[in-house]
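Numbering (the numbering used here), first residue to last: 207 to 649. We put the CB at the ideal spot given by N, CA and C, even for glycine. First up is the structure itself, then whatever we jot down about it.
Shown next as structure tokens:
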């Protein structure tokens, strides 16, 4: 009997690989056996590895996944259906928000994981556990970001309000206050009680074990990476020193708590670095940052106008590819993979109707996917993408884009028209293209 048990253990251990692993911490035999059902994502040079094979992917943003996973107020039937749809189309990498802060402002995510600083909604923690366990069953991987630079989920600005920096200026309520909001949020990087509270949040989340499988978060191969935040920004060049000190501190803290998983920052790249790619390089010059990220938004950045799509779409594609190429060059220099983890384009005419055309979006996506395929063929540092984003079977009102409490979440955050950049389950041309490219990338 003892010999049979030993044989089972040895077989299980053989299924776990550390090829390409640049995280040196040893695991116990017990943890290795736990992980035998899903392979770990690691980094070697400018490539991701899944087990002992290179891992390139077209994934998506699915920030609201844990909200669907909640027992109360969630929609587990929708969640599991959407995970199945994504998996069937080769989408196995999801970028997910751990949770929102406060949830009391208009146009912000509600319910919030932290309704008050340091207080947690157990229902939403259970939702995160449920989501990760369902992903584990389907051999899918999560990139989990721990807070947000922007107001739509509370984020850094909410920490500032909680810690006596005055009421956060919500630009979705008071028009034309984006400069004031960004100046306000910039204080976060030097707000000691804010930093302490956020660090405590990191310790709390990374100290968790999944209620559905008893696997520690710090040992769960479902998690590909911890990400500092959604789009952390320097804001202004004169803030680089404070930002770098804060970012380095957070990355080092995560690594001290979990040297098993990859770490990324969630940066937009040059666009989040006072429009200076040299600042992006300097702020990310930390060996504990395992891979780089970039985002590109042609509509938001003035490259694309749906009223003049024929002439502006080629410009948007050219500018996006130039942006990507510049970041690939930097990633090669830093010897790290880079992921385009946010990009999107509205439907034809910026329609919110799920039955409307996606011709321009599909053309834009194809240009991005072609560049990723080229990178794979030439073993460049451009390793993966996460499009923004998957709305699945979520329902929206095409005549009123506003999100109201109690309505379905799509991938568009609550301050934006619902369906603006969403890929729905009914968008067969887009999903078929994604599936075909994922097949090619993983041959």
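*Count the other CB atoms within 10 Å of the CB of residue 395; is the residue buried (16 or more) or exposed (fewer)?*
Residue environment: residue 395 is assigned as buried (16 or more neighbouring CB atoms within 10 Å of its CB, all protein chains considered).
*Is the stretch 487-506 close to the stretch 379-392, with three or more CB pairs under 8 Å?*
Three or more Cβ pairs closer than 8 Å define a contact, and the stretch 487-506 falls short of that threshold against the stretch 379-392.
_N-terminal and C-terminal residue of the alpha helix (DSSP H) that residue 368 is part of_ = Here the alpha helix (DSSP H) through residue 368 covers 361-368.
*In terms of residue numbering, what span does the beta strand (DSSP E) encompassing residue 473 cover?*
No beta strand (DSSP E) contains residue 473, which DSSP labels as neither H nor E.
*Return helix, strand or coil for residue 522, following the three-state DSSP convention.*
Of the three classes helix, strand and coil, the one that applies to residue 522 here is helix, per DSSP.
*Of all the beta strand (DSSP E) runs that stay within the bounds of the stretch 399-460, which reach a length of 3 or more residues?*
429-433, all fully within the stretch 399-460.
_Can you tell me where the alpha helix (DSSP H) holding residue 167 begins and where it ends?_
With the chain covering only 207 through 649, there is no way to say anything about residue 167.
*Whose C-alpha, out of 498, 569, 548 and 330, is nearest the C-alpha of residue 524?*
The residue with the shortest Cα to Cα distance from residue 524 is 569.
*Spatial neighbours of residue 644 within its chain, please: CB distance less than 6 Å, with the 5 preceding and 5 following residues excluded, ordered by chain position.*
Sequence-distant Cβ neighbours of residue 644 in its own chain, meaning closer than 6 Å and more than five residues away, are 264 and 296.
*Cα separation between residue 485 and residue 281?*
Between the alpha carbons of residue 485 and residue 281 lies a gap of roughly 42 Å.
*Would you call the CB atoms of residue 605 and residue 551 closer than 8 Å?*
Contact flag unset, no.
*Out of 496, 598 and 624, point me to the one whose CA is closest to residue 284's CA.*
Here the closest residue by C-alpha is 598.
*Tell me whether residue 314 sits in a helix, a strand or coil according to DSSP, three-state version.*
Coil at residue 314, not helix or strand.
_residue 536 in three-state terms, based on DSSP_ = For residue 536, the three-state secondary structure derived from DSSP is helix.
*Close beta carbons around residue 405, own chain, < 7 Å, minus the five adjacent residues each side*: If you ignore the 5 residues before and after residue 405, its C-beta comes within less than 7 Å of the C-beta of 459, all in its own chain and listed in chain order.
*Going by Cα to Cα distance, which pick from 559, 635, 544 and 479 is closest to residue 469?*
Checked all of 559, 635, 544 and 479; the closest Cα to residue 469 is 544.
*Which two residues bound the contiguous alpha helix (DSSP H) that contains residue 572?*
Counting along the chain, residue 572 sits inside the alpha helix (DSSP H) bounded by residues 565-583.
*Assign residue 584 to buried or exposed, taking buried as 16 or more other Cβ atoms, counted over all protein chains shown, within 10 Å of its Cβ.*
Label assigned to residue 584: exposed.
*Have a look at 408, 392 and 562 and flag the residue whose alpha-carbon is nearest the alpha-carbon of residue 634.*
Measuring from the Cα of residue 634, the nearest candidate turns out to be 562.
*Taking C-beta to C-beta, are residue 371 and residue 441 nearer than 8 Å?*
No; because the gap between Cβ atoms is not below 8 Å, this pair is not in contact.
_Close Cβ partners of residue 538 (< 6 Å) along its chain, the five nearest in sequence each way excluded_ = The residues are 587.
*asked:* Taking its Cβ as the centre, do 16 or more other Cβ atoms sit within 10 Å of residue 290, making it buried, or is it exposed?
replied: That one is exposed.
_What would DSSP say about residue 301, mapped onto helix, strand or coil?_
The three-state reading of DSSP puts residue 301 in strand, counting E and B together.
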